[in-house]
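**Student:** Letter by letter, the sequence shown follows residues 1 to 117 in our numbering. Let me give you the structure first, and then I'll get to my questions.
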Amino acid sequence: RHEHYLKIKNALDQNKIVISDRYKYSNMAYQGANGVDPKWIQEIEKYSMDPDIVFYIRVNPESAMIRRKEKDLYEENINFQKKVFGIYEELSKKYKFIEIDGEKSIEDIHKEVIKYL
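See the structure below:
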């Protein structure tokens with residue numbers, strides 16, 4: 001985790017744009033769904049950098065599971081995915097994510113993301 005932080009910080013110090021797929025909020029959602037105390041997760045994550053913008057590509061758990069080609073133990077468990085989804089919904093409201101309808105085509109999602117950049 002510290003190496004990841006340093007890599008991001010180094011890039012930002014060089015005025016580079018950093019795009020990350022899953023970051024601190026993903027950790028909050030997945031660890032929270034595993035039953036880890038949310039206050040403890042937030043305490044750990046307070047040392048990570050806050051992103052300037054967060055896109056939440058919102059896909060309901062059932063659709064997401066159908067789309068997945070490679071499934072791991074967690075992603076095969078629909079109840080777990082529903083917990084993750086619920087936590088992402090809460091995080092999205094709390095941290096004002098930009099929500100994008102993940103049920104749309106990849107092209108439409110791409111266009112919507114580009115509008116915000």
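Ideal Cβ placement from N, Cα and C applies to all residues, glycine included. None of these values were measured; they are calculated from a predicted model.
Below 8 Å, can you find three or more Cβ-Cβ pairs linking the region 77-87 to the region 7-22?
**Tutor:** Result no; under three Cβ-Cβ pairs closer than 8 Å.
**Student:** Taking the alpha-carbon positions, what's the GLU103 to LYS7 distance?
**Tutor:** C-alpha separation (whole angstroms): 33 Å.
**Student:** Are TYR30 and PHE97 close, meaning C-beta to C-beta below 8 Å?
**Tutor:** Going by C-beta atoms, TYR30 is not nearer than 8 Å to PHE97.
**Student:** Locate the beta strand (DSSP E) running through GLU99, then write down its first and last residues.
**Tutor:** It spans 98-101 - the beta strand (DSSP E) in which GLU99 sits, taken as one unbroken run.
**Student:** Check the C-beta distance from ILE41 over to MET28 and give it rounded, since I have them as a contact under 8 Å.
**Tutor:** Contact flag correct, Cβ pair sits at about 5 Å.
**Student:** Do you know how far the Cα of PHE80 is from the Cα of ILE109?
**Tutor:** Their Cα atoms are separated by approximately 25 Å.
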